[in-house]
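Asker:
Residue numbers (the UniProt record's numbering): 1 to 189.
Below is the structure:
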């Protein structure tokens, strides 16, 4: 199988099921941003950190591939001609969200309470987490925008929402683990 097909040379691409859309279609932007997020999480996973975080990040990357597949499948193409689901055995389930919530709670227990907004930075690994959090928020906004006109499972949007929270708390936890300075935002008086 060749990497290049030349079918996109005129500015269109195929969704799961074969429907062709312009490459700037909101659906493409939506799952493309999830792919960007997934790549950035790979960069975070490549940093020096506790192996537990790396294990969770791999799980997250797997879920993001699933969300990308969901976003790349128009509702009318979700069921194959033989009656089977196109994405059979793929999906986001409540336990995926619960995993993120449990991880957030565990990390939060060891952190001091937040009294101010935190400025991104302090260590390259922490900065990567903040960038991933911002990309995640953009992916969530795009999925919500897509959902105004096309079917997007609500649980996929919930997952992206919770993932941005996870990435924020992971940034704080890594700041603590790495003994990095956590700079608080103080508004001008």
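Every residue, glycine too, gets a C-beta built ideally from N, C-alpha and C.
So what's residue 143 in DSSP terms, helix, strand or just coil?
Answerer: Correct three-state label for residue 143: helix.
Asker: Assess contact between the region 61-71 and the region 36-47, defined as three or more Cβ pairs (one per stretch) separated by less than 8 Å. Is contact present?
Answerer: The region 61-71 is in contact with the region 36-47.
Asker: Is residue 118 helix, strand or coil when you go by DSSP?
Answerer: Residue state, collapsed to three classes: strand.
Asker: Tell me where the beta strand (DSSP E) around residue 227 begins and ends.
Answerer: Given that the chain is displayed from residue 1 to residue 189, the structure contains no residue 227 and the question cannot be resolved.
Asker: Using DSSP with H/G/I as helix, E/B as strand and the rest coil, what is residue 188?
Answerer: Three-state DSSP puts residue 188 in coil, outside helix and strand.
Asker: Suppose you measure from the CA of residue 48 to the CA of residue 84; what does that come to, to the nearest Å?
Answerer: Going by the C-alpha atoms only, they are around 43 Å apart.
Asker: Considering just the uninterrupted stretch of the alpha helix (DSSP H) at residue 156, what are its terminal residues?
Answerer: From DSSP, the alpha helix (DSSP H) with residue 156 extends over 154-177.
Asker: Using a Cβ-Cβ cut-off of 6 Å (strictly less than) and excluding sequence neighbours within five positions of residue 125, which residues of its own chain qualify?
Answerer: 47 and 174, listed in sequence order.
Asker: Between the Cα of residue 134 and those of 122, 100, 75 and 167, spot the shortest distance and give me the residue it belongs to.
Answerer: Ranking 122, 100, 75 and 167 by Cα distance to residue 134 puts 167 first.
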